[in-house]
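Letter by letter, the sequence shown follows residues 1 to 339 of full-length UniProt numbering. Glycine included, C-beta positions come from ideal geometry on N, C-alpha and C. For reference, the structure discussed in these notes is given below.
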Amino acid sequence: MPFRMLVAPLPLHFLLAAESKARTQSAAGSGPGRNSSRDSPEPFRAAAPAPRPRGDHTPARPRTRRTVARRPDCSAPPAAPARPPGGGGGGGGGGRRARRTAMLGRAPLRVARGALGAWLRGGLWIWALGGLCALGAAALGAGAGGAPGTPGTPRPCQAPQQWEGRQVLYRQSTGRNSRALLSYDGLNQRVRVLDERKALIPCKRLFEYILLYKDGVMFQIEQATKQCSKITLTDPWDPLDIPQNATFEDQYSIGGPQEQITVQEWSDRKSARSYETWIGIYTAKDCYPVQETFTKNYSVILSTRFFDIQLGIKDPSVFTPPSTCQMAQPERMGEDCSW
Numbered sequence: 001m002p003f004r005m006l007v008a009p010l011p012l013h014f015l016l017a018a019e020s021k022a023r024t025q026s027a028a029g030s031g032p033g034r035n036s037s038r039d040s041p042e043p044f045r046a047a048a049p050a051p052r053p054r055g056d057h058t059p060a061r062p063r064t065r066r067t068v069a070r071r072p073d074c075s076a077p078p079a080a081p082a083r084p085p086g087g088g089g090g091g092g093g094g095g096r097r098a099r100r101t102a103m104l105g106r107a108p109l110r111v112a113r114g115a116l117g118a119w120l121r122g123g124l125w126i127w128a129l130g131g132l133c134a135l136g137a138a139a140l141g142a143g144a145g146g147a148p149g150t151p152g153t154p155r156p157c158q159a160p161q162q163w164e165g166r167q168v169l170y171r172q173s174t175g176r177n178s179r180a181l182l183s184y185d186g187l188n189q190r191v192r193v194l195d196e197r198k199a200l201i202p203c204k205r206l207f208e209y210i211l212l213y214k215d216g217v218m219f220q221i222e223q224a225t226k227q228c229s230k231i232t233l234t235d236p237w238d239p240l241d242i243p244q245n246a247t248f249e250d251q252y253s254i255g256g257p258q259e260q261i262t263v264q265e266w267s268d269r270k271s272a273r274s275y276e277t278w279i280g281i282y283t284a285k286d287c288y289p290v291q292e293t294f295t296k297n298y299s300v301i302l303s304t305r306f307f308d309i310q311l312g313i314k315d316p317s318v319f320t321p322p323s324t325c326q327m328a329q330p331e332r333m334g335e336d337c338s339w
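Pasting the structure below:
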């Protein structure tokens with residue numbers, strides 16, 4: 001039963017009104033002409049009678065009682081209009097008793113109204129506290145994240161479709177970090193990667209990679225000799241953005257006071273699998289890629305960090321292979337020197 005039904009004012013008001021009416025009728029029934037010492041135990045019977053004049057041996061009060069007892073309607077309500085002046089001391093005593101009865105009947109109602117107000121205030125406090133608890137639970141759910149579609153959970157943002165920047169790629173198979181310039185064109189499903197030489201590495205070959213997913217081919221060009229290899233792409237296009245069915249993991253800030261940026265972490269973790277194979281970190285404001293990590297058997301196999309991102313493609317010709325690729329070889333060239 002809802003708590004509002006427990007503090008409803010109508011049942012209590014009716015009970016108190018009935019009790020007041022019963023007391024009033026009991027007071028009217030025990031009139032002055034009856035044996036009121038046994039039939040009417042009401043407290044107002046103890047009221048002192050009106051004082052009699054000294055030397056008067058005529059009992060005025062019993063006459064008044066007999067006169068009132070001869071009234072044909074003994075059940076008349078005590079709150080009837082007062083008698084006109086000159087009605088005698090008996091009429092004045094009856095009016096006083098009627099007013100006293102009415103006051104006694106109203107006093108419990110005032111007490112009941114005070115108790116009822118306390119019940120109403122208590123119910124209002126319970127309702128307000130319940131609402132605050134619900135808001136707090138919703139805020140905690142929103143801060144902790146959850147499954148996609150849950151109210152308060154961030155939705156995957158849309159990453160930029162065309163941009164240029166730099167990247168650092170780590171491969172577990174080689175244990176090396178390689179730096180490169182990156183041109184990303186998501187609209188046409190093509191990527192160009194140009195190895196950077198940051199230091200003199202003995203026997204290190206630098207390449208340029210042009211991946212054309214709509215054509216299903218990748219060109220590998222050696223920067224020094226322009227030797228070219230043409231390789232068929234077997235994997236489908238995988239854009240650099242957050243999948244719509246990704247799971248929100250966390251939101252935090254990178255950096256410190258006066259120099260920080262808010263990012264969101266997403267993954268492909270599902271309820272049926274306790275671990276993830278992909279983790280993507282993107283900025284919360286403009287959805288720029290920050291880092292992507294691929295894992296297998298709880299080990300990182302590939303991790304890429306992105307930085308110095310600029311929107312747009314300055315020179316679309318970077319996706320055009322050089323003329324040497326017309327006579328490209330089908331085998332992939334190794335990154336190390338061949339002796």
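Assuming contact is defined by CB atoms lying nearer than 8 Å, are residue i and residue j in contact in what I supplied?
i: residue 354; j: GLU265; result: Residue 354 falls outside the range modelled here, since the chain spans only 1 to 339, and no answer is possible.
i: GLN189; j: LYS214; result: yes
i: VAL217; j: THR234; result: no
i: CYS287; j: CYS157; result: yes
i: residue 407; j: ALA180; result: This structure leaves residue 407 out entirely; the chain is present only between 1 and 339.
i: THR304; j: LEU169; result: yes
i: ILE242; j: TYR282; result: yes
i: VAL290; j: ARG192; result: no
So for residue i, helix, strand or coil by DSSP?
i: ALA180; result: strand
i: THR324; result: helix
i: ASP280; result: Position check: residue 280 holds Gly in this sequence, whereas Asp was assumed. In this structure, GLY280 counts as strand in the three-state DSSP scheme.
i: SER267; result: strand
i: TRP163; result: strand
i: LEU206; result: coil
i: ILE231; result: strand
i: SER173; result: coil
i: ARG332; result: coil
i: LEU240; result: coil
i: ILE126; result: helix
i: SER299; result: strand
i: ARG121; result: helix
i: SER317; result: helix
i: THR262; result: strand
i: LEU153; result: The identity of residue 153 in the sequence shown is Thr, whereas the question assumes Leu. Here THR153 sits in coil by DSSP.
i: ASP215; result: coil
i: GLN251; result: strand
i: ASP286; result: coil
i: LEU187; result: coil
i: GLU292; result: strand
i: GLY312; result: coil
i: ARG305; result: strand
i: GLU196; result: coil
i: GLN220; result: strand
Near residue i, what residues of its chain come up, given a Cβ to Cβ distance below 6 Å and the 5 sequence neighbours on each side ignored?
i: GLN161; result: GLY186, LEU187
i: GLY87; result: Caution applies to GLY87, whose pLDDT of 45 falls short of 50 and renders its modelled position unreliable; the model cannot decide the point.
Which same chain residues end up closer than 7 Å to residue i when comparing Cβ atoms and leaving out the 5 residues on each side of it in sequence?
i: residue 341; result: What is shown of the chain runs 1 to 339, which leaves residue 341 out entirely.
i: GLU222; result: ARG205, PHE207, MET333
i: GLU196; result: ARG179, ALA180, LEU181
Report back the beta-carbon spacing between residue i and residue j to the nearest angstrom; my notes put them in contact at under 8 Å.
i: ALA284; j: THR262; result: 4 Å
i: PRO330; j: CYS228; result: That pair is no contact at about 11 Å.
i: TRP278; j: SER267; result: 6 Å
i: ASP308; j: GLY165; result: 5 Å
i: PHE248; j: THR153; result: 6 Å
Short of 8 Å in beta carbon distance, which residues of its chain neighbour residue i, apart from the five on each side in sequence? Order them along the chain.
i: ARG332; result: GLN220, SER229, ILE231
i: GLY312; result: GLN162, TRP163, GLU164
i: SER253; result: GLN260, ILE261, THR262, VAL263
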